[in-house]
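Q:
Protein chains: 2
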Amino acid sequence: MARSRLTPERESELYAAVLDLLGEVGYEALTMDAVAARTRSSKATLYRQWGSKAELVVKALRNDKPVHLGDVDTGSLRGDFLAVVTRTDDCQMEKNSALLRGLSHAVHDNPDLFQALRDLLIEPEMTGLGSMLQRAVDRGEVRPDNPALPYVPHMMIGAFAARELVDCQPVDQAFLTDYVDSVVFPALGI
Amino acid sequence: MARSRLTPERESELYAAVLDLLGEVGYEALTMDAVAARTRSSKATLYRQWGSKAELVVKALRNDKPVHLGDVDTGSLRGDFLAVVTRTDDCQMEKNSALLRGLSHAVHDNPDLFQALRDLLIEPEMTGLGSMLQRAVDRGEVRPDNPALPYVPHMMIGAFAARELVDCQPVDQAFLTDYVDSVVFPALGI
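Okay, structure coming up:
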C-alpha cells in the first residue's frame, strides 16, 4: 500500500491522461514513460503510487466509471438497475466499450492485466451487484431461493457481449432497459 | 462457389488437420503452406476449395461441431436445449472454448476472419436457434409476444462469456443445463 502523495484532482488528471493514451495507442504501446511525459510527472511517482502499468490502467478505468454498483440504492431493484443504466450516457458507454474491446485483446497476452481487471474491476462490481440483489431479497422483491439469482452477472455480461456479436450494434440505454425488463426481471420472478 | 473435388472423408481429414494446427500455432501463424504440407495437398487445391484462410478455418470449426442447432427437433424446447447441451461432451466443449478464445484474439486484427465467423458460424446458428424457438411458439410452449424471445442468444452467449470471466470455470453440461432451467426457461415463461 503506497501512501497517497497526490491530491484527488491530480489523480483524476492522471487517470484521464492514461485513458486518453490508452485510446490513442492501445495497451501494448502504452508505456510508463509515455504516461510520465504526458502528465509531467516522474516515472518513480507513477510506480510508487500504482506499482504496475496494469494496476494504473485498471484504476484509471475504475475511476472513469460514473456509477459503481455498490453505491446505488434507490429502494427497488428496478430503480437500482435503471439508475445504473441511465447514469451512464450512450456516448460514455460507446467509449467504454471501445476501451474494453481494446483491453480484452491485451488481456490474452498479459496475465497481470487480467488479474488487475479481476481484482480491481470485476470483483468489486460483482460484490456491488451481490449487495443490490441481497437488498431486493431482504425487501421481499426476489425469493431468496430463486435459482436465477447467481446468474444475474451472466445475463448482464451476455447483453454486452451479444449486442455487438449478434446484433452488430452498440449497447445503449434503451437496449439495456428493455433487456433488464424482458430477461432479468422475468427470470428473477419480478 | 468452387465445385467440390474432395470426398467428404478427405474434407473431414483436412478440417481436422486445420484445427490441430490452429491449436498448435494459433491463427496468425497458421499459413496455407503449413496446411498444404500437413495434409499433403497443394496450396492451389486449398485456395480453389476455400478461397481464403479465414473461410477454411471457420468451415473447419463448423465441421467440427457435433450438433448444429438447425438439426435439432425433439418435440419440446427443453428437449431441444438438452439435446444440444448433452451431445457436446465436456472435453469437446473445453477444446472448443480454447479454440474460440484463440480466435477471438485473432478476430481483432482480421476483419475477414470476423466476417467469415459471422457468415458461416454465427448467422447459421442464430437461424437454427430462431427455428427452434419458432417451433416452441407454434407448439404453444412460448407466447409469440414473449419479450425475452429476441434475447435468447444474448442469454446463451452470456453463459459462455461470464463462466470464465466471473466464475473462472470452464463451461460444462451441468452448468449449461442449470443455466437454461434457471434463466432461459423462466424468462420465456416456461
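Heads up: the sequence lines are chains B and Z, in that order. In terms of the working numbering, the first sequence has 136 at position 136, counting the first letter as 1, and numbering is strictly consecutive. In terms of the working numbering, the second sequence has 343 at position 153, counting the first letter as 1, and numbering is strictly consecutive. Glycine included, each C-beta is placed from N, C-alpha and C at the ideal position. Predicted, not measured: the structure shown is a model, and the values here were computed from it.
With DSSP as the reference, label LYS53 of chain B as helix, strand or coil.
A: Helix at LYS53 of chain B.
Q: Kindly list, in the order they appear in chain B, the residues whose Cβ is closer than 9 Å to that of SER372 of chain Z.
A: Here the neighbours are ASN146, PRO147, ALA148, LEU149, PRO150, TYR151, ALA187.
Q: Alpha carbons only, please: which of Z:GLU354, Z:VAL274, Z:LEU236 is nearest the one belonging to LEU319 of chain Z?
A: The residue with the shortest Cα to Cα distance from LEU319 of chain Z is Z:VAL274.
Q: Answer yes if the region 333-353 of chain Z comes into contact with the region 151-167 of chain B, meaning at least three C-beta pairs across the two stretches below 8 Å, and no otherwise.
A: Result yes; three or more Cβ-Cβ pairs closer than 8 Å.
Q: Beta-carbon within less than 7 Å of MET191 of chain Z's beta-carbon, same chain only, minus the 5 sequence neighbours each way: which residues are those?
A: The pLDDT assigned to MET191 of chain Z is 45, lower than 50, so where the model puts this residue is not dependable; a value taken from the coordinates is nonetheless given after this. Excluding residues within five positions, none has a Cβ falling inside 7 Å.
Q: Would you give the residue range spanned by the alpha helix (DSSP H) that ILE347 of chain Z belongs to?
A: 342-355 is the span of the alpha helix (DSSP H), which, as asked, contains ILE347 of chain Z.
Q: With ALA17 of chain B and THR39 of chain B assumed to form a contact (beta carbons below 8 Å), what rounded beta-carbon distance in angstroms separates them?
A: Yes, they are in contact, since the Cβ atoms of ALA17 of chain B and THR39 of chain B sit about 5 Å apart, within 8 Å.
Q: With a Cβ-Cβ cutoff of 8 Å, do LEU6 of chain B and ALA54 of chain B count as a contact?
A: No, Cβ-Cβ distance for LEU6 of chain B and ALA54 of chain B is not below 8 Å.
Q: Quick check on the DSSP output: what are the complete alpha helix (DSSP H) runs of length 4 or more inside the region 227-294 of chain Z, in order along the chain?
A: Whole alpha helix (DSSP H) segments, 4+ residues: 233-240, 243-254, 267-277.
Q: Sort Z:HIS295, Z:GLU201, Z:LEU220, Z:VAL225 by Cα distance to ASP254 of chain Z and report the nearest one.
A: That would be Z:GLU201, whose Cα lies nearest to the Cα of ASP254 of chain Z.
Q: List, in chain order, every chain Z residue whose beta-carbon is nearer than 8 Å to that of ILE122 of chain B.
A: Under the 8 Å cutoff, chain Z gives LEU355, VAL356.
Q: Please report the Cβ distance between ALA296 of chain Z and GLU218 of chain Z, rounded to the nearest whole angstrom; I am assuming they are in contact, meaning their Cβ atoms lie under 8 Å.
A: Right, their Cβ atoms sit about 6 Å apart.
Q: Within 8 Å (strictly less), CB to CB, does GLY158 of chain B reach chain Z?
A: Output row for GLY158 of chain B: interface = yes.
Q: Distance check for THR221 of chain Z and LEU56 of chain B, CA to CA, integer angstroms please.
A: In a straight line, the C-alpha of LEU56 of chain B is about 38 Å away from that of THR221 of chain Z.
Q: For PRO376 of chain Z, tell me which candidate among Z:TYR341, Z:SER294, Z:ASP357 has the shortest Cα-Cα distance.
A: Checked all of Z:TYR341, Z:SER294, Z:ASP357; the closest Cα to PRO376 of chain Z is Z:TYR341.
Q: ASP299 of chain Z: buried (16+ other C-beta within 10 angstroms of its C-beta) or exposed?
A: With fewer than 16 Cβ atoms within 10 Å of its Cβ, ASP299 of chain Z is classed as exposed.
Q: For LEU69 of chain B, which residues in the same chain have their Cβ closer than 7 Å to its Cβ, ignoring the five residues on either side in sequence?
A: So the qualifying residues of the chain are VAL84, GLU125, GLY128, LEU129, MET132.
Q: Identify whether ALA148 of chain B lies in helix, strand or coil by the three-state DSSP scheme.
A: Here ALA148 of chain B sits in coil by DSSP.
Q: In the structure shown, what three-state DSSP assignment does LEU196 of chain Z receive?
A: Coil.
Q: Against HIS295 of chain Z, what residues of chain B qualify as contacts under a CB-to-CB distance less than 8 Å, listed in chain order?
A: In chain order: HIS105, HIS108.
Q: Using the Cα positions of LEU176 of chain B and GLN134 of chain B, report the straight-line distance between them to the nearest angstrom.
A: Using only the alpha carbons, I get a separation of about 21 Å.
Q: Who are the near neighbours of VAL67 of chain B in its chain, counting only those whose CB is closer than 8 Å to its CB and skipping five residues on each side?
A: Hits under 8 Å: ALA83, VAL84, ARG87, THR88.
Q: Would you say MET316 of chain Z lies against chain B (beta-carbon separation less than 8 Å)?
A: Taking Cβ atoms only, chain B reaches closer than 8 Å to MET316 of chain Z, which makes this a yes.
Q: Establish whether the CB of GLU203 of chain Z and some CB of chain B are separated by less than 8 Å.
A: Chain B contact via Cβ: absent.
Q: Hey, quick one: how far does the alpha helix (DSSP H) through GLN305 of chain Z stretch, first residue to last?
A: Run containing GLN305 of chain Z: 301-307, per the alpha helix (DSSP H) assignment.
Q: Using a Cβ cut-off of 8 Å (strictly closer), state whether HIS258 of chain Z contacts chain B.
A: Cβ-Cβ to chain B under 8 Å: no for HIS258 of chain Z.
Q: Helix, strand or coil for ILE312 of chain Z per DSSP?
A: Correct three-state label for ILE312 of chain Z: helix.
Q: Select from the region 215-236 of chain Z all residues with a C-beta closer than 9 Å to any C-beta belonging to chain B, and list them in chain order.
A: Cβ contacts with chain B come from no residue of the region 215-236 of chain Z.
Q: Counting contacts by CB-CB distance shorter than 8 Å, is SER266 of chain Z in contact with chain B?
A: It does not; no Cβ of chain B falls within 8 Å.
Q: Distance cutoff 8 Å, beta carbons only. Does ALA351 of chain Z sit that close to anything in chain B?
A: Yes, because at least one Cβ of chain B sits closer than 8 Å to the Cβ of ALA351 of chain Z.
Q: Please return the same chain residues whose Cβ sits closer than 8 Å to the Cβ of ALA224 of chain Z, not counting the five positions on each side in sequence.
A: So the qualifying residues of the chain are LEU211, VAL215.
Q: Can you list, in chain order, the residues of its chain whose CB lies under 7 Å from that of ALA162 of chain Z, leaving out five sequence neighbours each side?
A: Outside the displayed range of chain Z (191 to 380) lies residue 162 of chain Z, so it cannot be described from this structure.
Q: What did DSSP end up calling THR177 of chain B once you bin it into helix, strand or coil?
A: If DSSP states are grouped into helix, strand and coil, THR177 of chain B belongs with the helices.
Q: Just how far apart, CA to CA, sit SER41 of chain B and LEU121 of chain B?
A: Those two C-alpha atoms are separated by around 25 Å.
Q: Among B:ALA136, B:PRO147, B:CYS91, B:ASP71, which one has its Cα closest to the Cα of ASP371 of chain Z?
A: The candidate whose alpha carbon is nearest that of ASP371 of chain Z is B:PRO147.
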